[in-house]
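Trainee: These protein sequence lines map, in sequence, to chains A and B. With the UniProt record's numbering as the guide, the letters of the first sequence map in order to residues 1 to 600. With the UniProt record's numbering as the guide, the letters of the second sequence map in order to residues 1 to 600. Where a beta carbon is used, it is the ideal one built from N, C-alpha and C, also for glycine. On a predicted model such as this, the values are computed, not experimentally measured, just so you know. Structure below; questions to follow.
2 protein chains.
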Amino acid sequence: MPPEPRTAIATVCLSGTLEDKLAAAAAAGFDGVELFENDLVVSPSSPAEIRRRCAGLGLSIDLYQPFRDFEAVPPRLHEANLRRARHKFDVMAELGTDTVLVCSSVSPDAIDDDELAAEQLYALADLAAARGLRIAYEALAWGKHVNGYEHAWRIVRRAAHPALGVCLDSFHILSKGHDPAPIRAIPGDKIFFLQLADAPRLPMDVLPWSRHHRLFPGQGDFDLTAFTGHVLAAGYRGPLSLEVFNDVFRQADPRPAAVDAMRSLVALKESLGVLDLPSAPALTGHAFAEVVTDPGAGRVLASLGFARTGVHRTKPVELWEQGDARVVVNEGGPAHGAVGAVALASTDPARSARRAEALLAPVLPRVRGPREADLASVAAPDGTEVFLCGNDDWRDDFVPTGETAPGAGVFGIDHVALTQPFDHFEEAASFYRAVFGLTPSPVTEFAAPFGLVRSRGLSAGTVRLTLDSALVRRGEWAPAVPEPQHVAFACSDAVAAARAMRALEAPLLEIPGNYYDDLEARLDIPPDRIAALRANSVLYDRDSRGEFLHFYTAFAGERVFFEVVQRIGEYRGFGVVNAPVRMAAHRARRYAGPPVKTPA
Amino acid sequence: MPPEPRTAIATVCLSGTLEDKLAAAAAAGFDGVELFENDLVVSPSSPAEIRRRCAGLGLSIDLYQPFRDFEAVPPRLHEANLRRARHKFDVMAELGTDTVLVCSSVSPDAIDDDELAAEQLYALADLAAARGLRIAYEALAWGKHVNGYEHAWRIVRRAAHPALGVCLDSFHILSKGHDPAPIRAIPGDKIFFLQLADAPRLPMDVLPWSRHHRLFPGQGDFDLTAFTGHVLAAGYRGPLSLEVFNDVFRQADPRPAAVDAMRSLVALKESLGVLDLPSAPALTGHAFAEVVTDPGAGRVLASLGFARTGVHRTKPVELWEQGDARVVVNEGGPAHGAVGAVALASTDPARSARRAEALLAPVLPRVRGPREADLASVAAPDGTEVFLCGNDDWRDDFVPTGETAPGAGVFGIDHVALTQPFDHFEEAASFYRAVFGLTPSPVTEFAAPFGLVRSRGLSAGTVRLTLDSALVRRGEWAPAVPEPQHVAFACSDAVAAARAMRALEAPLLEIPGNYYDDLEARLDIPPDRIAALRANSVLYDRDSRGEFLHFYTAFAGERVFFEVVQRIGEYRGFGVVNAPVRMAAHRARRYAGPPVKTPA
């Protein structure tokens, strides 16, 4: 196995003052930082104090980023640039960092002349070398004349100064569709620095794309494993350093953001084969889902045909079952009114837990009573507990009640829908993918009554989760129920299940007639089928591979409800197209009067 | 004067359920709505009930929007489209609306054949005509084959059916840079509908630009006066209807959003010469600024060289003065801890108030004691009161104290900085521009310690305001002081003023040495000048026209502080480049210990 690279993060990735950022990076286990000039400029600490603070935190300062618009300028500007460089080299000496990034010029003053660029960079490198420093020259994707890494490397080769090398940034290279394979031909010791960022493919100019929408590795559409593989194959031995400009990360709590960042690098190192992690054991299904509510949720489950099959030996917790669908109703717990836990059946729970720990997921301590099963339990970014169950021992925690119920057609859990806090959408997808090996589907976006919503599914066989989040963080105006969550049960005949549940007086959500009128106009569905859907408030979706029928209950806790779904053929989605109907129906049900608040 | 057009708004512009949206549109005074199919589909009210609700609210339904991908398809799809149309015509009959929008096709099935398109649209128009309905055909900017309004008009002309006309949408035309002047050649009675949206120029594809970033007229970069002028000149007599897809508006309280929307149309009608409003009187300066704080703000003003010159006759309110800078310190009031009011000197306050009222700005009732001046007062979108003063009569409300102070160089108010709540940034700029005739500067964006910030100035002569807002609504993580505001005083020698105020023990903000080291490296400023700035924590900026020196106090109220500025030459900015330094310094001053909260 090749040596494991060091890790670093640019201070610009994180929110807060420099002091906040350094603390967060150190707590997440980074080896070093790239120090952004603006973070230093606003800090009350002198460069020497920053150096001491970093040392105390176990962080090196791997790169300093003060330089723009240096190369290939008229002589007068070149003199001013060198003057500026001397000042900054003084700062670097105080900081104890030896590498400075010089981005290719975007200035209208820059001249398209590689010879001049090489000459001026040589002069800068000479100045740096005299101070024991070195220059990493990087092609910005929107550089005026130099905007490809091969061009930057030609200039560096031409200058041929030992203190001058290139900095490679995955975004600048992959955003332009440049082939990263020729990186292998650059001598490793001339690659002075490596900056990593992923990004979704977006239909916009590269500059705003870069400044607002970068993501941590694995969160976007770039193949960072292949890219970084080329750089390591070239012989690069510096840190893997994250440089991610993202509007959301920039205002989010830096501590979880730094953990998310570090997790992305751990997963990247695993995929590169430079770090050996316990592999993700196969997941064979949903063992159970836990909702944390008052006992009312149990009454709703009863009306869906569930039986209360067990009562916990020591806690105010009940087990409700129908077929292989198992729901634990917990009257206590921090996630009040929501889904508290997702329990997944794992072929090796202990290995799942070791992998989770290696990927910086907090493994939760369990308070065990006598005879209580030893479940591995990990906290997801939003606090949801993820249990990993190797067998049915966890059932021993419950005293069987002997109660049965005729059932209403539910045979298992189809998926659990975990609406995410605004700041955690990307992090949550990374977490479930890296830690548990779930495969995410592409993000979809839809217009809901109270604003745009992003949604994506994650799955591994019959284990399915969905993650939703508002595109823009919501304000005081609705939704009145922030981040609702739900457990979706599988059945083989949704209309029959809805009928049976109605007979049990289940609080099912009424779907407006307008929805069925539209369905009839849009799709060629036989009239008797439409009538059956309409009569039972069952929603409908289809794709090229199959069909999806589903219906919902009213809220069964502050922000939790249930869904019953029927998959026909190979339909892989979650009926997202119908989510706005559900949201409006939930709102109508909870608010009889005008829901509007007084204006600000 | 040409007839005043009716006004309408598409339900998609506003947040909430259909019921919320209709109530907001009616309250803001719209004559009608464009009903979006999705808003109807999720509504529990039948089309007939929606019709009655609209009638009760005084709203007509001017357009129904169910149709995409209609024209120029293979025969099999055409049959399905007509079937769909029949269904939707039934809905329209129930709704009592006669015009349906058909957008040019984006379907891969669409054929590039104008003859076929005309033929199929003719068939649709024929079907519509039999029901007393009509078809408005619109070229989407990203239509597969039809993406310009002149092309859509050629097809409509070719079809030559009386129930077929065009719909013109300013965004689809202006976003592509198409010349709107040829609209004048379209017979007015063949323009069946007009949709208006503004937008900032953004470097991205037109589809996401349209779906996420449209703005109300006057808020973006398009010339909607010229555009709409062409449409009216053609003889169009339908409503001016807003169709604005905007991520922020979609999740904001629909009531102020609808008022903002209506204000944009009132201002547009004024600029078109179809509505006569009282013109905006000239503003001659800042009469005073009011801060609502405990008496501590007075002590801070004293330390800046202000004298307490008056005490209000009936209220716990003090007047503080230095030169022509006047600050009213109010111990009570709803805007606690912030700037409560901006008082502008107007050449005709009564006309200012009439104009404000015509532009839907709430004119505030004043509780007047004996001898109290009758000031016109208007509420800005964020609740800030804007007073309009014609003379100095307002001073009669204060009993002179006879107190004086030596002063510290302040001669007036330079500007008032009103950080805006996230949802109100666009609305605030529109408000100050339309109501008071201030000219906004372009929006700038900068990276601040806790996330990206947008900023713009507004001015008319010596009246200056700045509006800031976070680019992404902030969450629980900092800033600890949401939406701080400040009053900036003008002086002619910032270094001397800072020295004088330090001598008076003013709580001035300390600026880090790193800032001056950077200034020295970046700009060619004489060493003694840098030393003077550094010694006095005075910040510096310059542009091609002049220089700007400024410094800040610590917070003098929950979220209010003061600034002192010196303008040299024709500098027009506000030192925005230094705002991150100020933010970090405020944070450092208010939090001695580690400011981080516990993670979620």
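(1) As a quick exercise: from A/PRO254, A/VAL166, A/ASP221, A/LEU283, pick the residue whose alpha carbon is nearest that of A/GLY238.
(2) Can you give me, in chain order, the residues of the segment 131-151 of chain B that have a beta carbon less than 8 Å from any beta carbon in chain A?
(3) Does B/PRO449 have its Cβ less than 8 Å from a Cβ in chain A?
(4) Give the interface partners of A/VAL106 over in chain B, defined as CB-CB distance under 9 Å, in chain order.
(5) What's the gap between the Cα of A/ASN246 and the Cα of A/PRO44?
(6) By the criterion of Cβ-Cβ separation under 8 Å, what are the contact partners of B/TYR515 in chain A?
(7) Looking at C-alpha atoms only, which residue of A/THR462, A/PRO316, A/ASP169 is the closest neighbour of A/GLU138?
(8) Relative to chain A, which residues along the segment 73-92 of chain B have a C-beta separation below 9 Å, given in chain order?
(9) Given that a residue counts as buried once 16 or more other Cβ atoms are within 10 Å of its Cβ, and exposed if not, what is B/ASN391?
(10) Chain B beta carbons: is any one of them nearer than 8 Å to that of A/ARG534?
(11) Quick check on A/ALA197: does DSSP put it in helix, strand or coil?
(12) Pick out whichever of B/ASP179, B/ALA110, B/ILE173, B/LYS88 has its Cα sitting closest to the Cα of B/PRO74.
(13) Do B/ALA434 and the ligand SAH come close, with the Cβ less than 7 Å from some heavy atom?
(14) In whole angstroms, give me the CA-to-CA distance for A/ALA8 and A/GLY29.
(15) Which partner residues does B/VAL339 have in the DSSP bridge list?
(16) Between which residues of its own chain and A/ILE135 is the CB-CB distance below 7 Å, once the five residues before and five after are set aside?
(17) Under 7 Å between beta-carbons, which chain A residues line up against B/VAL472? List them in chain order, please.
(18) Please name the residue in A/LEU319, A/PRO580, A/ALA506 whose C-alpha comes closest to that of A/VAL300.
(19) What residues from the segment 383-402 of chain B come within 8 Å of chain A, judged by C-beta to C-beta, listed N to C?
(20) On the three-pair Cβ rule with 8 Å, is the segment 581-589 of chain B touching the segment 507-521 of chain B?
(21) Go to A/PHE67, then tell me how far its alpha helix (DSSP H) extends in each direction, as first and last residue.
(22) Looking at the strands, I want to know which residues DSSP matches up with A/GLY310.
(23) What residues of chain E sit near B/GLU520, judged by a beta carbon separation below 8 Å?
(24) If we count the other Cβ atoms within 10 Å of its Cβ and call it buried at 16 or more, is A/PRO349 buried or exposed?
(25) Using a C-beta to C-beta distance shorter than 8 Å, which residues of chain B count as neighbours of A/ARG587?
(26) In whole angstroms, give me the CA-to-CA distance for B/GLU570 and B/ARG542.
(27) Output yes or no for whether 8 Å exceeds the beta carbon distance between A/LEU202 and A/TRP209.
(28) Around the C-beta of A/GLU4, are 16 or more other C-beta atoms found within 10 angstroms, so that it is buried, or is it exposed?
(29) Could you check if B/ALA159 is buried or exposed, using at least 16 other CB atoms within 10 Å of its CB as the buried criterion?
(30) Apart from the five residues on each side of it in sequence, which residues of its chain come closer than 6 Å, Cβ to Cβ, to B/GLY546?
(31) Would you identify the three-state DSSP class for A/ARG474, choosing helix, strand or coil?
(32) Would you list the one or two residues that DSSP bridges to B/HIS286?
(33) May I ask you to verify whether the segment 486-493 of chain A touches the segment 544-564 of chain A, counting CB pairs closer than 8 Å and requiring at least 3?
(34) At least one CB of chain A closer than 8 Å to the CB of B/VAL443: is that the case?
(35) Assuming contact is defined by CB atoms lying nearer than 8 Å, are A/LEU268 and A/GLY218 in contact in what I supplied?
(36) Residue range of the alpha helix (DSSP H) that B/ILE173 falls in?
Mentor: Result, derived from the coordinates:
(1) Against the first sequence, residue 238 of chain A aligns to sequence position 238. Nearest C-alpha to A/GLY238: A/VAL166.
(2) none
(3) Counted from its first residue, the second sequence places residue 449 of chain B at position 449. Taking Cβ atoms only, chain A reaches closer than 8 Å to B/PRO449, which makes this a yes.
(4) For the purposes of this step, residue 106 of chain A is taken as the residue at position 106 of the first sequence. Ordered by position in chain B, no residue passes the 9 Å Cβ test against A/VAL106, which lies about 14 Å from the chain.
(5) Taking the first residue of the first sequence as 1, we reach residue 246 of chain A at position 246. Taking the first residue of the first sequence as 1, we reach residue 44 of chain A at position 44. Distance between the alpha carbons of A/ASN246 and A/PRO44: 25 Å.
(6) Numbered from its first residue, the second sequence carries residue 515 of chain B at position 515. What B/TYR515 touches in chain A: VAL41, VAL42.
(7) By one-based count along the first sequence, residue 138 of chain A stands at place 138. Closest by alpha carbon: A/ASP169.
(8) ALA80, ARG83, ARG84, ALA85, ARG86, HIS87, LYS88, ASP90, VAL91
(9) Locating residue 391 of chain B in the second sequence gives position 391, counting from the first residue. That one is exposed.
(10) Sequence index remark: in the first sequence, residue 534 of chain A carries index 534 (1-based). No, A/ARG534 lies away from the interface with chain B (no Cβ there is under 8 Å from its Cβ).
(11) Within the first sequence, residue 197 of chain A is the residue found at index 197, counting from 1. Of the three classes helix, strand and coil, the one that applies to A/ALA197 here is coil, per DSSP.
(12) Indexing the second sequence from 1 puts residue 74 of chain B at position 74. Cα-wise, what sits closest to B/PRO74 is B/ALA110.
(13) With respect to the ligand SAH, the structure shown offers nothing to examine, as it has no ligands at all.
(14) Sequence index remark: in the first sequence, residue 8 of chain A carries index 8 (1-based). Sequence index remark: in the first sequence, residue 29 of chain A carries index 29 (1-based). Whole-angstrom Cα-Cα distance: 9 Å.
(15) Position 339 of the second sequence, counted from the start, is the residue given in the question as residue 339 of chain B. B/VAL291.
(16) Stepping through the first sequence from its first residue, residue 135 of chain A is reached at position 135. Closer than 7 Å at the Cβ level, and outside the excluded window around A/ILE135, lie VAL100, VAL102, LEU121, LEU124, ALA125, ALA128, ALA163, LEU164.
(17) The residue you call residue 472 of chain B lines up with position 472 of the second sequence. Neighbours of B/VAL472 on chain A, chain order: ASP247, VAL248, GLN251, ARG473.
(18) Here the question's residue 300 of chain A lines up with position 300 in the first sequence. Comparing Cα-Cα distances from A/VAL300 to each of A/LEU319, A/PRO580, A/ALA506, the minimum goes to A/ALA506.
(19) GLY383
(20) yes
(21) Here the question's residue 67 of chain A lines up with position 67 in the first sequence. That residue, A/PHE67, is in no alpha helix (DSSP H); its beta strand (DSSP E) goes 60-67.
(22) Translated into positions along the first sequence, residue 310 of chain A becomes position 310. Note: A/GLY310 sits in a beta bridge opposite A/LEU319, A/PRO400.
(23) The displayed structure is made up of protein chains A and B, and chain E is not among them.
(24) Numbered from 1 along the first sequence, position 349 holds the residue referred to as residue 349 of chain A. By the neighbour-count rule (16 or more Cβ atoms within 10 Å), A/PRO349 is buried.
(25) To locate residue 587 of chain A, count along the first sequence from 1; it is residue 587. Residues of chain B passing the Cβ test: THR17.
(26) For this step, residue 570 of chain B is matched to residue 570 along the second sequence. For this step, residue 542 of chain B is matched to residue 542 along the second sequence. Spanning the two alpha carbons is a distance of roughly 10 Å.
(27) Locating residue 202 of chain A in the first sequence gives position 202, counting from the first residue. Locating residue 209 of chain A in the first sequence gives position 209, counting from the first residue. Yes.
(28) In the first sequence, residue 4 of chain A corresponds to position 4, counting from 1. Looking at its Cβ environment, which holds fewer than 16 other Cβ atoms inside 10 Å, A/GLU4 is exposed.
(29) For the purposes of this step, residue 159 of chain B is taken as residue 159 along the second sequence, with counting starting at 1. Buried, since its Cβ has 16 or more Cβ neighbours within 10 Å.
(30) Here the question's residue 546 of chain B lines up with position 546 in the second sequence. So the qualifying residues of the chain are ILE568, GLY569, GLU570, TYR571.
(31) Along the first sequence, one-based indexing puts residue 474 of chain A at 474. DSSP places A/ARG474 in coil when its eight states are reduced to three.
(32) Working through the second sequence from its first residue, we reach residue 286 of chain B at position 286. Note: B/HIS286 sits in a beta bridge opposite B/LEU344.
(33) yes
(34) Start at 1 with the first residue of the second sequence, and residue 443 of chain B comes out as number 443. By this cut-off, B/VAL443 is not an interface position.
(35) Indexing the first sequence from 1 puts residue 268 of chain A at position 268. Indexing the first sequence from 1 puts residue 218 of chain A at position 218. Result yes, Cβ atoms of A/LEU268 and A/GLY218 sit closer than 8 Å.
(36) In the second sequence, the residue the question calls residue 173 of chain B occupies position 173. Note, B/ILE173: alpha helix (DSSP H), 170-174.
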